[in-house]
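Read through the structure below, which is laid out as structure tokens, and then see the notes.
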Amino acid sequence: MQVSVRDNNVDQALRALKKKMQREGIFREMKLRRHFEKPSEKRARERAEAVRRHRKLLRKRLEREGF
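As structure tokens, this is what we get:
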């Protein structure tokens, strides 16, 4: 991942880097890797995330259709 520093403005480049890392999910992955996660816990977490994503998609679809 690469961010260019323009006009010696490091703060702006750092903000852009953090934004890119957030979009890529690097911070989330770092948080998950801090501790070992048992395979059963991982499956349960991923299943719960999938349910959450699906419900969110349904909510947005219903909202678009005007219900």
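Using this note's numbering, the letters of the sequence shown map in sequence onto residues 1 to 67. Note that beta-carbon positions come from the ideal geometry of N, C-alpha and C, so glycine has one too.
Item: Coarse secondary structure for Asp7, derived from DSSP in three states; Value: coil
Item: DSSP state of Met1 mapped onto helix, strand, coil; Value: coil
Item: Three-state class that DSSP yields for Arg34 in the structure shown; Value: coil
Item: Backbone secondary structure at Phe67 - three-state DSSP; Value: coil
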